[in-house]
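Counting with the working numbering, you get residues 16 to 879 for the letters of the sequence shown. No residue lacks a Cβ here, since even glycine has one placed at the ideal position from N, Cα and C. To keep things clear, I will list the structure first and then write my remarks on it.
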Amino acid sequence: MFNQRLTLEDLFTVHKFTPNAGQLEAIKSLNGPLFLMAGPGSGKTRVLLWRTVNAIVFQGILPEKIFLSTFTEKASKQLKDGLQTILGSVTNITGVPYDISRMYIGTVHSLCQKIIGDRRFIKERSRVKPPILLDELDQYFYINSSVFWKGIEELLVVNENEWRLDVRQYLTGMSFEFASRHDTTTLLISIFNRFSEENLQTQKIIDYAQNEDEQVLKQIARVYEWYKLKLEKSNMVDFSLLQQRAYTQLLLSDHTAYEFDHIIIDEYQDTNRIQEQLFFRLAKGSKNFCVVGDDDQALYRFRGATVENFVQFPKRTELYLQTKPKEIKLNTNYRSKNQIVSTYKQFMEKVSWIREDGRGYYRLHDKDIQPQQQDNDISVITTKPGNSESVSKEIAEFVKSLIDEKKVEDPNEIAFLFPSLKSNHVKQMKKSLEDEGISVYAPRAGRFLEVKEAKAMFGVISQIMGKPVRQDYAGAYKEYHGWLRDCEEVAKQLMVKDSRLETFVHTKKKELRRCKEDYIRLLKTVNDNDWSTTDAYHPKKHKRVLSNTPLISEQTMSGLGTGRLDKVIEERSKGLRPFTLQYILNRSTSVDWNVLDLFYRLCGFSYFSHMFKKAENGDDEGPISNLSMISEYLSRYMEQSQSMLTGARLIEDRFSNDFFGRYVYGLFRIGESEVENPETPFPKGRVSFLTIHQSKGLEFPYVILGNPGKKNSGVPRPEEIVRPLIDSENEPLSRVSEFDIMRMFYVALSRAEKGLLITNLRGQGQVVAPAFKQLLDEMNYPVASELDVSKLSNSEIKINDIPKVYSYTSDYLMYIKCPRNYMVFKKYGFVPSRSQTMLFGSLVHQTIEDIHNQIISSRSDSNE
16 MFNQRLTLED LFTVHKFTPN AGQLEAIKSL NGPLFLMAGP GSGKTRVLLW
66 RTVNAIVFQG ILPEKIFLST FTEKASKQLK DGLQTILGSV TNITGVPYDI
116 SRMYIGTVHS LCQKIIGDRR FIKERSRVKP PILLDELDQY FYINSSVFWK
166 GIEELLVVNE NEWRLDVRQY LTGMSFEFAS RHDTTTLLIS IFNRFSEENL
216 QTQKIIDYAQ NEDEQVLKQI ARVYEWYKLK LEKSNMVDFS LLQQRAYTQL
266 LLSDHTAYEF DHIIIDEYQD TNRIQEQLFF RLAKGSKNFC VVGDDDQALY
316 RFRGATVENF VQFPKRTELY LQTKPKEIKL NTNYRSKNQI VSTYKQFMEK
366 VSWIREDGRG YYRLHDKDIQ PQQQDNDISV ITTKPGNSES VSKEIAEFVK
416 SLIDEKKVED PNEIAFLFPS LKSNHVKQMK KSLEDEGISV YAPRAGRFLE
466 VKEAKAMFGV ISQIMGKPVR QDYAGAYKEY HGWLRDCEEV AKQLMVKDSR
516 LETFVHTKKK ELRRCKEDYI RLLKTVNDND WSTTDAYHPK KHKRVLSNTP
566 LISEQTMSGL GTGRLDKVIE ERSKGLRPFT LQYILNRSTS VDWNVLDLFY
616 RLCGFSYFSH MFKKAENGDD EGPISNLSMI SEYLSRYMEQ SQSMLTGARL
666 IEDRFSNDFF GRYVYGLFRI GESEVENPET PFPKGRVSFL TIHQSKGLEF
716 PYVILGNPGK KNSGVPRPEE IVRPLIDSEN EPLSRVSEFD IMRMFYVALS
766 RAEKGLLITN LRGQGQVVAP AFKQLLDEMN YPVASELDVS KLSNSEIKIN
816 DIPKVYSYTS DYLMYIKCPR NYMVFKKYGF VPSRSQTMLF GSLVHQTIED
866 IHNQIISSRS DSNE
């Protein structure tokens, strides 16, 4: 029941929120489609939050009837926390409780997962086993595997090496003499995802390829269809196919279009074709479809995003929902100072956005963005024109002055933004800062595996587990083994300095050698008796013989089992799934730790434990953040492979070949860190180096645009391939790259709050966007080396508009139990080595839910 005494304005007062006219209109506009154009720093998150509160509290909309999609998990968590805070205050005033646990709020991928498992969207409300989701890293290892490529050879009747070369040349439009499996895998992933995101039918691709005599495209389409069937058979989906699966499920029943009263989509400019179809399907019934976005901040075309979804939303709403949307502009910038707003507005006008036919623009043109801060303070500066070394030195001295003059509370309030972190200029900038004593946090500058924490940890692990033998390969594999040698040297130096670590390493190596040798001895006993490891194990027949195996250790002897275990085994042997001899051999020759357990034991030694102390004291959070990433990678490996370390996995160096030869080598080739802690993305004590894509949705007191140029590489090849296959109005291919570069730099410029520095790189080999050349030539921006830093604005300690909500059980009680434990696992996101699951409780809950849904389904049948 909605509340009739409390008013929305009362709540605004309670939470000290004074919306401007556009914000208030958006919050109150709940009927029909709504097109919200939200510029940088315009407070769109608060608008979405209060709009949802208005719907729940004052319009009586049940939370489970609201579908709210955000671009990141962090954004959805922020909105959930904000809803709980405001709804909690309403409960305190009115006594009316609110439960948002069943509300659909999250990223589009998480919500698609929810749809697939939600019985509201399943015929007869039956239980469906949710698919296993392959994220980007999982998808890479799946397609890069030898099994997958052997399947391609059989499917197409081709030679792998020759077909890899054909694919690489076709998907890049360039000539090569060789194509590695890694290169071809990444290209296939890119085109597969584009096919899925455009919701293209395989037959349509094949027919087009046939008509255009594109034989390689036809083969790629066949492999794509085989890939989808292969995943479906294993009940698996990748991120792109997950959306297809959810959309297909929605189409199975008419009622699915009426399950939600409100559809709200944030960052709509970064949605793709399949997402657009899914959202319009959900909104078909209520027509209450609100989209929020800014086409000038569209960054994700390379992931299939289609900026036209947003630009043409009014036209498409008329097509799909047969009604026009209400249009509201959120155009007051509360983030940036006057000069910063003026700069990014002028920047976007440096190219022509007029359509080829002269009718309108390729962007929403009249945004009329205005800064809330109407000041004349200096907030945009540049450097003297120069090469990478001179510009980097000037910037490093400027940053040191910012820190020394207390213009920032901490170095992490200064962000360096680059189009890419894989360049010599980035290395030069990092060196110049470090020469000034300024630490840098750059999780994606170069390879994550090159950071000293990774080299130390993987080096010590290799000393214990062994590493693959260097084979006669050149290129990346040779480079990888060079990295392994570096890790080995780091580990040896640590062991020389720490005798306890050296003793630990030798003890663990001896333990693994014992398991390996005992397994070989037991296997010989099995073979000598003409048994097979697949035979059912019977203690009365096998145990005494195995126990009499010469030279096996006491640990292995006890691992063969007790009398109690023998009874369990005999009971199970009466059924259909008896224990095998292989199971007994594995059980008796295994260690009681896995590779993630090993990681945590190593963290106890002084070199690594010191990193925890530095974070705890607030000195430097960089090292502990890197250790957290390593724990995530090790956990991912255990999910992909058998986690138990047994004698069978140690013989013939099977474990080291799989771990270092396949998995870590794959991470090395991918080159980027896939995991960053959303709670503490920017460690204290360091300035951050980020790609512009990483900075999306963030803001910093001071921003340095480290490189104002990106090479225009022309039409992206995937776009060139897919464009003829889709039926929609799009930007001309010839201008796609130019437009995307402008949007990328617009995002970078609009991240700054108090100060923005645009580097003025000139000289041989320097690429500077033409728009920046014009801007720097026209505007008389102060030069960093000549500026009195004291005239710049100080950063301000900000109180988050949306407070973080803490849980009594998972936050408070965990902290009371062990503050260090809370710091490691909750704050820095380390992955626990051995998770505890409440299997019985989950089983009871699922059983009750099954009965509940069966009753609902039977009632529906009787009503019909």
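query: Across the region 773 to 793 and the region 342 to 356, are there enough close Cβ pairs to call them in contact, namely three or more that are closer than 8 Å?; result: no
query: Applying the criterion that 16 or more other CB atoms from any shown protein chain within 10 Å of the CB defines a buried residue, is Leu-98 buried or exposed?; result: buried
query: Suppose the cutoff is 8 Å on Cβ atoms and the five residues either side in sequence are ignored; what does the same chain contact list for Leu-854 look like?; result: Legend: pLDDT at Leu-854 = 35, less than 50; position of this residue unreliable, no value from coordinates given.
query: Would you report the Cα separation of Phe-840 and Pro-847, rounded to the nearest angstrom?; result: 7 Å
query: Helix, strand or coil: how does DSSP classify Leu-720 here?; result: strand
query: State the DSSP-derived secondary structure class of Pro-834, mapped to helix, strand or coil.; result: helix
query: Between the Cα of Phe-413 and the Cα atoms of Gly-47, Asp-425, Thr-332 and Thr-397, which residue gives the shortest distance?; result: Thr-397
query: Among Lys-446, Ala-663 and Thr-199, which has the Cα closest to the Cα of Trp-178?; result: Thr-199
query: Is it the case that the region 569 to 585 contacts the region 635 to 647, given that we only count it when at least three CB pairs across the two stretches are under 8 Å?; result: no
query: From this set, Ala-630, Phe-704 and Leu-83, which residue's C-alpha is nearest Lys-437's C-alpha?; result: Phe-704
query: Pop quiz: Lys-95 and Asn-69 are said to be a contact at Cβ under 8 Å. What is the actual Cβ separation, rounded to whole angstroms?; result: Not confirmed; about 17 Å, so no contact.
query: Ala-799 and Glu-409 - do their beta-carbons sit closer together than 7 Å?; result: yes
query: What did DSSP end up calling Gln-74 once you bin it into helix, strand or coil?; result: coil
query: On a Cα-Cα basis, can you pick out the residue from Pro-112, Thr-109, Gly-110 and Lys-129 that is closest to Met-118?; result: Lys-129
query: Using only alpha-carbon positions, find the residue among Glu-768, Ile-812 and Gln-779 that is nearest to Asp-390.; result: Glu-768
query: Helix or strand or just coil, what does DSSP make of Asp-253?; result: strand
query: Would you mind working out which of Leu-293, Tyr-359 and His-277 sits nearest Asp-311, comparing C-alpha positions?; result: Tyr-359
query: Could you spell out the range, first to last residue, of the beta strand (DSSP E) harbouring Ser-514?; result: No beta strand (DSSP E) contains Ser-514, which is instead part of the alpha helix (DSSP H) from 514 to 543.
query: Starting from the C-beta of Phe-885, find all residues in its chain whose C-beta is less than 6 Å away, skip the five residues before and the five after it, and write them out in chain order.; result: No statement about residue 885 is possible, as the shown extent of the chain runs from 16 to 879 and does not include it.
query: Can you give me the Cβ contacts of Ser-857 inside the same chain, cut-off strictly under 7 Å, excluding the 5 residues immediately before and after it?; result: In this predicted model, Ser-857 has a pLDDT of only 41, less than 50, meaning its place in the structure is not dependable; the value taken from the coordinates is given anyway. Excluding residues within five positions, none has a Cβ falling inside 7 Å.
query: Round the Cβ separation of Asn-159 and Arg-196 to the nearest angstrom and send it over; I've been treating them as touching at under 8 Å.; result: 6 Å
query: Can you have a look at Arg-61 and say buried or exposed, based on whether 16 or more other CB atoms are within 10 angstroms of its CB?; result: buried
query: Taking only the alpha-carbon atoms, compute the straight-line gap between Leu-23 and Ile-756 and give it to the nearest angstrom.; result: 42 Å
query: Is Val-307 helix, strand or coil when you go by DSSP?; result: strand
query: Looking only at its chain, what residues have a beta carbon closer than 7 Å to the beta carbon of Arg-874, apart from the 5 residues adjacent to it on each side?; result: With a pLDDT of 49 at Arg-874, under the threshold of 50, the modelled position of that residue is not reliable, and the figure given next carries that caveat. Result list for Arg-874: empty, nothing under 7 Å.
query: Tell me the rounded alpha-carbon separation between Asn-542 and Asn-601.; result: 16 Å
query: Considering only their Cβ atoms, is the gap separating Val-702 from Val-441 smaller than 7 Å?; result: no
query: Pull up the distance between the alpha-carbon of Glu-811 and that of Asn-46, whole angstroms please.; result: 39 Å
query: If you draw a straight line from the alpha carbon of Val-322 to that of Lys-219, how long is it in whole angstroms?; result: 24 Å
query: What's the gap between the Cα of Asn-35 and the Cα of Tyr-157?; result: 50 Å
query: Give the DSSP-derived three-state secondary structure of Gly-681 in the structure shown.; result: helix
query: Using the rule of at least 16 other Cβ atoms within 10 Å of the residue's Cβ for burial, across every protein chain shown, is Phe-86 buried or exposed?; result: buried
query: What would DSSP say about Val-406, mapped onto helix, strand or coil?; result: helix
query: Return the residue from the list Pro-797, Lys-806 and Arg-732 that minimises the CA-CA distance to Leu-232.; result: Arg-732
query: Pull up the distance between the alpha-carbon of Gly-578 and that of Thr-548, whole angstroms please.; result: 22 Å
query: According to DSSP, simplified to helix, strand and coil, what is Lys-341?; result: strand
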